[in-house]
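Everything below concerns the one structure shown next.
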Amino acid sequence: MVTPSESKIHALVFSAFRESHGRAISLDDLEKKSGVEKAVVKNSIKYLRESGVEIDIAASGYTLSSLPDIILPPVLQAGLKSRVMGREVHCYKSVSSTNELAKRLADSNAPEGALVISEKQTRGRGRLGRSWHSPSGLGLYFSIILRPQLDFTKMPALSLVAALSICRVLDKYTGEKSLIKWPNDCLLKGKKVAGILVELSAELDRVSYAILGIGINVNDGPNDFPSRLKSKATSICMIAGKKIDRAELLRDFLYEFEKSYSNFHRYGLRFLGPELVKRSAVLGQKINITLGKKKIVATAIGFDQNGALRIRDKNGVTIIAAGEVSLR
2 MVTPSESKIH ALVFSAFRES HGRAISLDDL EKKSGVEKAV VKNSIKYLRE
52 SGVEIDIAAS GYTLSSLPDI ILPPVLQAGL KSRVMGREVH CYKSVSSTNE
102 LAKRLADSNA PEGALVISEK QTRGRGRLGR SWHSPSGLGL YFSIILRPQL
152 DFTKMPALSL VAALSICRVL DKYTGEKSLI KWPNDCLLKG KKVAGILVEL
202 SAELDRVSYA ILGIGINVND GPNDFPSRLK SKATSICMIA GKKIDRAELL
252 RDFLYEFEKS YSNFHRYGLR FLGPELVKRS AVLGQKINIT LGKKKIVATA
302 IGFDQNGALR IRDKNGVTII AAGEVSLR
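According to this note's numbering, the stretch in the sequence shown is residues 2 to 329, in order.
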């Protein structure tokens, strides 16, 4: 496991390679651009090559052959604009669940913004105990440790803050307007492309930490989804018509989320309310709501200040804080 301090050094070296734009770069120039000693640069090059980054070595210097489609701390952190989110990265090839690992790190006092990411999940989870399809090397499966200084009642809105951040990035990469299906799904052309799972550790009315788990279908093709999902799921690649740089996508999300999360702390959900209304896939629609064994048919009419759904049915207007929603 690469330590956070080692990861920062590797990121500096990788950034120097990126800035060379495929041209050979000498060890002296790598030292100058990265700001670390030659011996450390050599160790970083060794680590990067062993991790799958294609770096050619010749008399003229070192050349980054191509930008790798792998999620490594230095690859992710090179060019990272967020100040808190993703500044500590724990990266794995395969885990059962990134949320479970993030909980352990949070219990061990990992800082806010620490990121747990894996190329594959064997038991990825969504809401209500559902599984999340997590094939290796195609999507983004990650969890962020948050330590919100917020009242417990405001926490349901956290998934909507994350969903809005995801949607902004989806729009950028696809040119399409993405929507949110309350409370935690992001849709492109009516199909699910991302899901969110927020889990809390709290005592009475105080939140110790929150784990924000996110799965995004990035480079999945039509045949990468199991038959049960083919009609319901899509990917950014399928909509954009081209392969997506997953590390760049994640950097963009972390930056967007950091801004929205900060504004949420300062102003509450009302700051994001107008955009939330515009992006809602359920407002004004007839919906089915499942609350345990209870099923409700209603019309979604709005959100309250904490992100709960306001509905109107035969009994009048009701506030729904959690539940399973489907369009009729």
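Ideal Cβ positions, reconstructed from N, Cα and C, are used throughout, including at glycine.
{"query": "Same chain, Cβ closer than 8 Å to Leu106, neighbours up to 5 away in sequence not counted", "result": "His91, Ala115, Val117 and Ile146"}
{"query": "Under 8 Å between C-beta atoms of Gln78 and Ser8", "result": "yes"}
{"query": "Residue range of the alpha helix (DSSP H) that includes Arg271", "result": "No alpha helix (DSSP H) holds Arg271; DSSP gives it neither H nor E."}
{"query": "Simplified DSSP state of Leu205, which is helix, strand or coil", "result": "coil"}
{"query": "Classification of Glu257 by the beta-carbon crowding that lies within 10 angstroms, buried from 16 upward", "result": "buried"}
{"query": "Sub-8 Å separation of Gly222 and Gly196 beta-carbons", "result": "no"}
{"query": "Residue interval of the alpha helix (DSSP H) (run including Ser8)", "result": "Pro5 to Glu20"}
{"query": "Asp186 - containing alpha helix (DSSP H), residue span", "result": "From DSSP, Asp186 is part of no alpha helix (DSSP H) but of the beta strand (DSSP E) over Asp186 to Leu189."}
{"query": "Cα-Cα separation between Val236 and Pro112, rounded to whole angstroms", "result": "A quick correction: the sequence has Ser, not Val, at residue 236. Taking the straight line joining both Cα atoms gives about 31 Å."}
{"query": "Cβ shell of Gly87 (< 6 Å), same chain only, five flanking positions each side left out", "result": "Leu81, Leu116 and Leu255"}
{"query": "Backbone secondary structure at Lys122 - three-state DSSP", "result": "What sits at residue 122 in the sequence shown is Gln, not Lys. The answer is strand: DSSP assigns Gln122 an E or B state."}
{"query": "Cα-Cα separation between Asn220 and Lys315, rounded to whole angstroms", "result": "44 Å"}
{"query": "Whole runs of the alpha helix (DSSP H) within the stretch 57-107, excluding any shorter than 4 residues", "result": "74-78"}
{"query": "Cα-Cα separation, Gly293 to Val199", "result": "19 Å"}
{"query": "Length of the line joining the Cα atoms of Leu31 and Phe304", "result": "52 Å"}
{"query": "First and last residue of the uninterrupted beta strand (DSSP E) at Asn289", "result": "Lys287 to Leu292"}
{"query": "Cα-Cα separation between Gly1 and Ile290, rounded to whole angstroms", "result": "Residue 1 is absent from the structure shown; the chain starts at 2 and stops at 329."}
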